[in-house]
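Residue numbers (our numbering): 668 to 1032.
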């Protein structure tokens, strides 16, 4: 495994800027997730590292070597694409063995078999080695696609939303396994997703992209608790963070220049649930609009003044549609933003409330 660095890289396609002045280092053995909506520049960043695109300016280095001008086949990277990209007429064994049989590798047959079976055991698909790819379920096909990358032991793994086409249960299962495998192997992974749950559970660090620019990078906790602006704050958390005018909670002390307040739904306190001794700040009147019971949690939508606020409550919280109540926020759980949606250092206030492979895919298989 190796360290990867992107240094002041920019890439445009005609008048569209896909990546702009991007600098980032992925440490040896680190799992970094790039998070952002469609068009944020996530996939282009992967393609720049893989060599499928060349930066207009800037450079890419791998293990301290400048690889900006090297062809994809000459970079020790492996790309796991969103689609499975398996050879349908091959067995699982042959799909896994394919990158090891590439011309110039000269790997002995016995070693190929040993490495394929080891990866198959790791991914729990050893019993499927004789099956053709077309005989597999979606989850099994994605395991094979990931296994084809693992079998090569490259310096870095590049993964472009590899779980997005699976159903929720399979995504959960493979997400857990992928993190386990990464830890066991000490693999260096750059992973792209628009799914905030994947980002929070997989990443050592999360990089949030917006229109080709890296807005913030940090540990999941840092990015969640200290977002640099409203855009980042809204990328993580479900339900989404509440953003409302500073004037809605007039009793909360705010720093100079703050015009907007951000409060996570779990930090909103509905008055009936506050009689258990919960500390609260600056209660204001509100009306319950909807109540969604989600098993261990209840999501309550409230109207307070001209703002709608989501509150994440325990399942037994005694609230009902149309009820009049008051809401407050937990101490030290408030974020403040200026007119431009920027939070400065992002710190919380201490006083407020709160198909078969394509040619390029084969080259990186």
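Heads up, the beta-carbon is just placed ideally off N, CA and C, and yes, glycines get one too.
Presumed contact (8 Å Cβ cut-off) between residue i and residue j, rounded CB distance
| i | j | result |
| --- | --- | --- |
| residue 814 | residue 708 | With 8 Å as the limit, residue 814 and residue 708 do not qualify as a contact, their Cβ atoms being about 28 Å apart. |
| residue 823 | residue 729 | 7 Å |
| residue 811 | residue 753 | 6 Å |
| residue 865 | residue 830 | 7 Å |
| residue 869 | residue 842 | 6 Å |
| residue 965 | residue 982 | 5 Å |
| residue 1004 | residue 925 | 7 Å |
| residue 717 | residue 825 | 6 Å |
| residue 861 | residue 705 | 7 Å |
Same chain only: Cβ atoms within 6 Å of residue i, ignoring 5 sequence neighbours per side
| i | result |
| --- | --- |
| residue 774 | 767 |
| residue 867 | 887 |
| residue 805 | 833 |
| residue 950 | 993 and 995 |
| residue 942 | Only weak support is given to the placement of residue 942: the predicted model assigns it a pLDDT of 44, under 50, and the value that follows is read from those uncertain coordinates. Here the set comprises nothing. |
| residue 952 | 993 |
| residue 755 | 800 and 801 |
| residue 821 | 743, 744 and 745 |
CA-to-CA distance, residue j to residue i, given in whole angstroms
| i | j | result |
| --- | --- | --- |
| residue 993 | residue 1001 | 18 Å |
| residue 898 | residue 828 | 21 Å |
| residue 885 | residue 790 | 29 Å |
| residue 927 | residue 735 | 43 Å |
| residue 800 | residue 758 | 6 Å |
| residue 614 | residue 688 | Outside the shown range of the chain, which is 668 to 1032, sits residue 614, and nothing can be said about it. |
| residue 764 | residue 963 | 45 Å |
| residue 929 | residue 746 | 38 Å |
| residue 973 | residue 988 | 18 Å |
| residue 850 | residue 696 | 8 Å |
| residue 909 | residue 921 | 16 Å |
| residue 1008 | residue 890 | 15 Å |
| residue 1039 | residue 776 | This structure leaves residue 1039 out entirely; the chain is present only between 668 and 1032. |
| residue 863 | residue 905 | 9 Å |
| residue 855 | residue 784 | 22 Å |
| residue 935 | residue 976 | 9 Å |
| residue 787 | residue 760 | 9 Å |
| residue 713 | residue 857 | 8 Å |
| residue 933 | residue 911 | 16 Å |
| residue 711 | residue 954 | 45 Å |
| residue 809 | residue 836 | 14 Å |
| residue 737 | residue 872 | 27 Å |
| residue 940 | residue 682 | Confidence in residue 940 is poor, its pLDDT being 46 and thus under 50, which makes the residue's placement unreliable; the coordinate value appears in the next sentence. Going from the Cα of residue 940 to the Cα of residue 682 covers about 54 Å. |
| residue 641 | residue 680 | Examination of residue 641 is not possible in this model, given that the chain is present from 668 through 1032 alone. |
| residue 732 | residue 772 | 22 Å |
| residue 693 | residue 853 | 13 Å |
| residue 669 | residue 691 | 14 Å |
DSSP three-state assignment for residue i, whether helix, strand or coil
| i | result |
| --- | --- |
| residue 995 | strand |
| residue 753 | coil |
| residue 678 | strand |
| residue 723 | coil |
| residue 833 | coil |
| residue 818 | coil |
| residue 933 | helix |
| residue 1001 | strand |
| residue 705 | coil |
| residue 827 | strand |
| residue 697 | coil |
| residue 941 | For residue 941, the predicted model reports a pLDDT of 42, less than 50, meaning its position is unreliable; a value from the coordinates is still stated below. Reduced to three states, the DSSP call for residue 941 is helix. |
| residue 683 | strand |
| residue 763 | helix |
| residue 953 | strand |
| residue 713 | helix |
| residue 981 | strand |
| residue 915 | helix |
| residue 740 | helix |
| residue 988 | coil |
| residue 735 | coil |
| residue 963 | coil |
| residue 670 | coil |
| residue 926 | coil |
| residue 688 | strand |
| residue 728 | strand |
Cβ of residue i within 8 Å of any chain D Cβ
| i | result |
| --- | --- |
| residue 877 | Absent here is chain D; the protein component of the structure consists of one chain. |
7 Å Cβ shell around residue i - same chain, five flanking residues per side excluded
| i | result |
| --- | --- |
| residue 877 | 703, 707 and 898 |
| residue 937 | 967, 978, 980, 984, 986, 992 and 994 |
| residue 782 | 767 and 818 |
Chain-order list of residues whose beta-carbon lies under 8 Å from that of residue i (same chain, five-residue window excluded)
| i | result |
| --- | --- |
| residue 779 | 764, 767 and 768 |
| residue 715 | 673, 676, 678, 686, 721, 722 and 727 |
| residue 882 | 875, 876, 895, 896, 898 and 899 |
Inset, instruction - May I have a chain-ordered list of the beta strand (DSSP E) segments no shorter than 3 residues that lie completely inside the stretch 837-908? - result: 856-860, 872-877 and 880-885
Inset, instruction - Tell me the start and end of each unbroken alpha helix (DSSP H) in the stretch 769-812 that is at least 4 residues and wholly inside, in chain order. - result: 776-789
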